[in-house]
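Structure record follows, encoded as structure tokens.
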Amino acid sequence: MQAKRRRSPAATIALLPTWIAAIFIYIGTMVWSVRLSFTDSTIFPSSNYVGFAQYAKLFRTSRWLASLENVLIFGVLYVAGCLALGFVLAASLDRKVRFEAVFRTIFLYPYAMSFVVTGLIWQWILNPTLGIQATVRALGWQSFTFDWIVSRDMAIYTVVFAGVWQGAGLVMVIALSGMRGIGDEQWKAAQIDGIPIWRIYLSIILPQLGPALAASGMLLSMGVIKTYDLVVALTGGGPGTATEVPAKFIMDNLFERQNLGLASAGATVLVLSVVMAVVPFRYALSMRRRRR
Amino acid sequence: MATLHARGPKPSRLTIGRIGLYAFLILAALFFLLPLYTMLVTSLKTMEEIRQGRIFALPDTVDFDAWKTAWSGACMGTQCLGVRVGFWNSVKITVPAVVISVFIGAINGYALSFWRPKGSGLLFGLLMAGGLIPYQIFLYPLVRLLANVSLYNSVAGVVLVHVIFGLPLVTLLFRNYFMAIPEELCKAARVDGAGFWRIFLEIMLPMSAPMVVVASIFQFTGIWNDFLIGLVFAGRDNLPMTVQLNNIVNTTMGERTYNVNMAATILTAFVPLAIYFFSGRWFVRGVAAGAVKG
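Chains as they are written, first to last, in this note's numbering: chain C, 21 to 312; chain Z, 135 to 428.
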């Protein structure tokens with residue numbers, strides 16, 4: 021097979037733009053950024069190497085530490101929330117309901133919109149002086165308080181909330197198409213045994229959706245590290261540093277605070293964290309494939 | 135998408151369980167619809183009515199002034215030109231970026247599946263790895279590179295960046311699509327004397343029309359919804375709609391005109407929502423294909 025393949029110079033030429041992008045943009049700029057992280061660059065890049073000083077400074081910066089804590093809270097709750105709500109919605113729709121297509125359309129539409137739009141919508145609804153809090157108070161319940169978005173302790177959960185609202189539909193679509201691929205026989209067997217429906221979904225259907233859910237969980241997790249626009253639109257990182265995230269910390273230091281070295285160190289840490297998360301996953305995947 | 139149809143007839147009897155199921159689904163639907171509803175009613179109210187704080191109430195009188203202002207008069211800093219400007223910027227950025235990235239993705243997928251020239255495995259691996267890495271590590275050097283070739287702060291620059299960052303996914307989509315097509319087809323054409331480009335243009339591209347649609351929808355919504363790349367690379371005069379919208383809402387001085395803000399938000403969401411509603415299962419296929427790339 022391979023020997024018969026006639027090499028065509030046209031194929032090589034066709035891939036040339038992509039080669040250039042891969043080498044110069046993906047690898048080249050990354051190496052450049054990592055190099056900057058070892059210099060004392062501020063507004064302009066400098067070639068004065070300071071070793072790991074920027075990294076040391078980074079992990080002494082309370083704003084960065086707060087952003088790490090926030091992205092961890094957000095990431096765990098956002099991914100878990102999307103998976104749980106998406107799975108429950110899919111299981112409900114799988115029960116032969118009327119107007120299934122209408123429900124499906126409603127649950128997925130937020131995913132079509134940008135994070136900026138999502139952020140601005142929820143900023144409006146959660147606004148304490150005009151949103152839910154004001155509405156409930158106008159109904160007569162004067163002491164009602166729902167001011168999470170301006171609360172230092174709770175603001176991060178509003179980001180989670182908006183994120184889950186946006187992303188749960190995606191999980192629903194993937195889970196539902198997975199459920200429809202499972203054979204009737206298993207259903208019949210389980211029903212003959214008298215297993216309650218919720219147990220069937222939890223103990224029989226859920227394990228079989230594992231790979232599909234893992235893939236969507238993976239996709240959502242990749243989005244977590246990149247989270248920027250949702251926070252910018254919803255809370256602007258505030259109040260204080262209550263919803264600051266690493267991507268925003270890096271952007272602010274790159275383009276507003278002019279801390280090139282520090283921002284590059286932050287970006288390098290992000291890349292390393294992605295590598296550390298992805299490599300074991302990929303490794304496990306290829307090991308499993310080899311065993312088959 | 136036949137796989138999305140329920141099996142068998144719908145149960146005809148309403149049990150307590152079924153009522154509970156429908157109650158849950160309706161509540162969930164209300165939760166998902168609430169923000170869209172709230173935006174819509176807010177955009178149709180006057181500021182006076184909004185100040186009364188009944189955010190979920192229907193407007194007393196339907197008033198389209200906020201929509202007109204949002205489209206052609208909303209202020210971003212001292213400029214009051216509305217989201218119209220951003221809308222056309224987004225069109226100018228999105229259309230070429232989608233066309234170019236889908237075309238290159240198709241060529242890549244075709245070359246990587248049927249021809250596999252030397253090093254193509256490595257290239258594919260590099261692309262996939264590149265697709266996983268957070269953009270922040272590329273940004274500053276890329277700004278410098280584009281500035282050096284005078285593409286920074288231009289529509290062409292943003293388009294180029296979108297094409298580059300779109301490469302991993304469109305390439306993967308097309309490669310997987312072409313991998314499922316029997317290789318004999320390509321071989322037969324080669325025996326008949328057709329070359330790389332002729333096979334691509336006359337056989338493979340027409341055959342991949344469904345993938346072209348899926349990839350285009352995927353790329354279109356993704357690029358239209360982008361914020362980061364537009365913010366960094368577009369420059370003041372070419373800001374896409376998402377960036378302009380955020381600037382209008384989050385940096386205005388004085389009293390916020392919530393009705394105008396909500397109208398502007400709906401206008402920004404309109405294009406991807408329209409694509410979603412009209413392309414339905416194609417959109418779903420696109421996000422599903424993107425999601426299970428793994």
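Backbone N, C-alpha and C fix where the C-beta goes; we use that ideal spot for every residue, glycine too.
Predicted, not measured: the structure shown is a model, and the values here were computed from it.
_Which complete beta strand (DSSP E) runs does the region 350-407 of chain Z hold, if anything under 3 residues is left out?_
none
*asked:* Does the CB of V291 (chain C) have a neighbour CB from chain Z at under 8 Å?
replied: yes
*Would you mind telling me which residues of chain C sit closer than 8 Å to T176 (chain Z), beta carbon to beta carbon, in chain order?*
W144
*Positions along the region 259-284 of chain C whose CB lies within less than 9 Å of some CB in chain D*: Protein chains C and Z are contained in the structure displayed, whereas chain D is not.
*Is I145 (chain C) near G151 (chain C), with beta carbons less than 8 Å apart?*
yes
_Residue environment, F361 (chain Z), which counts as buried when at least 16 other CB atoms sit within 10 Å_ = buried
*Would you list the residues sitting across from M50 (chain C) in a DSSP beta bridge?*
According to DSSP, M50 (chain C) bridges with nothing at all.
*Element boundaries [alpha helix (DSSP H), containing K246 (chain C)]*: 230-246
_Less than 8 Å between the beta carbons of A86 (chain C) and E264 (chain C), yes or no?_
yes
*Between which two residues does the alpha helix (DSSP H) containing D204 (chain C) stretch?*
204-212
_Classification of V304 (chain Z) by the beta-carbon crowding that lies within 10 angstroms, buried from 16 upward_ = buried
*For M181 (chain Z) versus N393 (chain Z), is the C-beta distance shorter than 8 Å?*
yes
_Measuring alpha carbon to alpha carbon, tell me which residue in Z:F166, Z:G151, Z:S235 is nearest Q353 (chain Z)._
Z:S235
*Beta-carbon proximity of K246 (chain C) to A232 (chain C), cut-off 8 Å*: no
*Candidates C:L113, C:V294, C:L88, C:N279: closest to I160 (chain Z) by CA position*: C:L113
*Put Y221 (chain C) into one of helix, strand or coil per three-state DSSP.*
helix
_Looking only at its chain, what residues have a beta carbon closer than 8 Å to the beta carbon of V297 (chain Z), apart from the 5 residues adjacent to it on each side?_
A231, I234, S235, I238
*Under a three-way DSSP split, which group does Q74 (chain C) fall into?*
helix
_Please list the terminal residues of the continuous alpha helix (DSSP H) segment that includes V293 (chain Z)._
289-313
*Opening and closing residue of the alpha helix (DSSP H) in which A262 (chain C) lies*: No alpha helix (DSSP H) holds A262 (chain C); DSSP gives it neither H nor E.
*Using three-state DSSP, classify M133 (chain C) as helix, strand or coil.*
coil
*Alpha carbon to alpha carbon, what distance is there between S197 (chain C) and W249 (chain Z)?*
33 Å
*Under 8 Å between C-beta atoms, does A287 (chain C) make it to chain Z?*
yes
*Could you give the distance in angstroms between the alpha-carbon of S313 (chain C) and the alpha-carbon of L240 (chain C)?*
Limits of chain C in this structure are 21 at one end and 312 at the other, which puts residue 313 (chain C) out of reach.
*Which residues DSSP lists as bridging Y69 (chain C), in chain order*: C:T59
*asked:* Rounded to whole angstroms, what is the Cα-Cα separation between K24 (chain C) and L339 (chain Z)?
replied: Bear in mind that the predicted position of K24 (chain C) carries a pLDDT of just 46, short of 50, making it unreliable; the figure below should be weighed with that in mind. The alpha-carbon atoms of K24 (chain C) and L339 (chain Z) are separated by roughly 24 Å.
*Is the region 219-230 of chain Z close to the region 319-328 of chain Z, with three or more CB pairs under 8 Å?*
no
_Helix, strand or coil at Q153 (chain C) [DSSP, three-state]_ = helix
*Just how far apart, CA to CA, sit G258 (chain C) and T402 (chain Z)?*
24 Å
_I'd like to know if G211 (chain Z) contacts chain C, where contact means its C-beta is closer than 8 Å to some C-beta of that chain._
no
*Does the beta-carbon distance from G106 (chain C) to M192 (chain C) come in below 8 Å?*
yes
_So if DSSP puts Q162 (chain C) in a beta bridge, which residue, or which two residues, is it bridged to?_
Answer is none; Q162 (chain C) lacks a bridge partner.
*How long is the line joining the alpha carbons of L257 (chain Z) and A42 (chain C), rounded to whole angstroms?*
7 Å
*Is DSSP giving M174 (chain C) helix, strand or coil here?*
coil
*Would you say V421 (chain Z) faces chain C, with C-beta separation under 8 Å as the test?*
yes
*Q186 (chain C) in three-state terms, based on DSSP*: helix
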